[in-house]
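Below is one structure, written out as structure tokens, with a few remarks after it.
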Amino acid sequence: MKNQLFFYLTSFILSACISDNKISTDLINNPITGSNKNNVDVPYIEIKEDYYDFGDIFEGDIVSHNFSIKNIGDEKLIILSAKGSCGCTVPEWPKEPISPNQKAFIKVTFNSSGRQGKQRKTVVLKTNAMPNIKVITILANVITS
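By the count of this note's numbering, the sequence shown reaches residue 148 at its end, each step adding exactly one.
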């Protein structure tokens, strides 16, 4: 009886350890790269200045910068999301599609309240472009009085 129980228990454990090696298509975040489309007819995002340094600012200051972006591709560019690295960094981005060869702006506002010293914050842009992720960075040196 013990041998039979041991056999069933071992069989159950070994069968549970067998992995399923199927590739998940859920890993594809960009429908353009997931399809077999020609990469010529897609939007491309150009950000000439992907970082901005505010220099010295005082603790409590709220500062903003407009990052210029351009669609240098052949299809409309859509910014799906823009997320700051913390609550002190807030992006505002165009919600409407950006046509080929058109420019738009992403406004990034930094609130220095409760911060001190050198600050490096990022905003991650998720788009329908190739590649679909772009990062812009702001820098500041927060001086306490």
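All residues carry an ideal CB built from backbone N, CA and C; glycine is no exception.
DSSP-derived helix/strand/coil call for residue i
i, result
"Q7", "helix"
"R118", "coil"
"N143", "Residue identity check: residue 143 is Ala in the sequence provided, not Asn. Three-state DSSP puts A143 in a strand."
Distance, residue j Cα to residue i Cα
i, j, result
"I141", "I65", "13 Å"
"K106", "N135", "18 Å"
"S102", "E62", "39 Å"
"I146", "D44", "48 Å"
"I72", "F113", "19 Å"
"C89", "Q7", "58 Å"
"L128", "I82", "7 Å"
"E49", "V138", "12 Å"
"K51", "K121", "24 Å"
"S115", "D77", "39 Å"
Per-residue burial, residue i [other beta carbons within 10 Å of its own, 16 or more giving buried]
i, result
"I31", "At I31 the pLDDT is 48, less than 50, meaning the model places this residue with poor confidence; the figure from the coordinates comes in the next sentence. The residue is exposed, with fewer than 16 neighbouring Cβ atoms inside 10 Å."
"G58", "exposed"
"F70", "buried"
| Start-end ranges of the beta strand (DSSP E) lying completely within the stretch 35-111, minimum 3 residues | For the beta strand (DSSP E) assignment, the uninterrupted runs of no fewer than 3 residues enclosed by the stretch 35-111 are, from N- to C-terminal side, 54-61, 65-74, 82-87 and 92-95.
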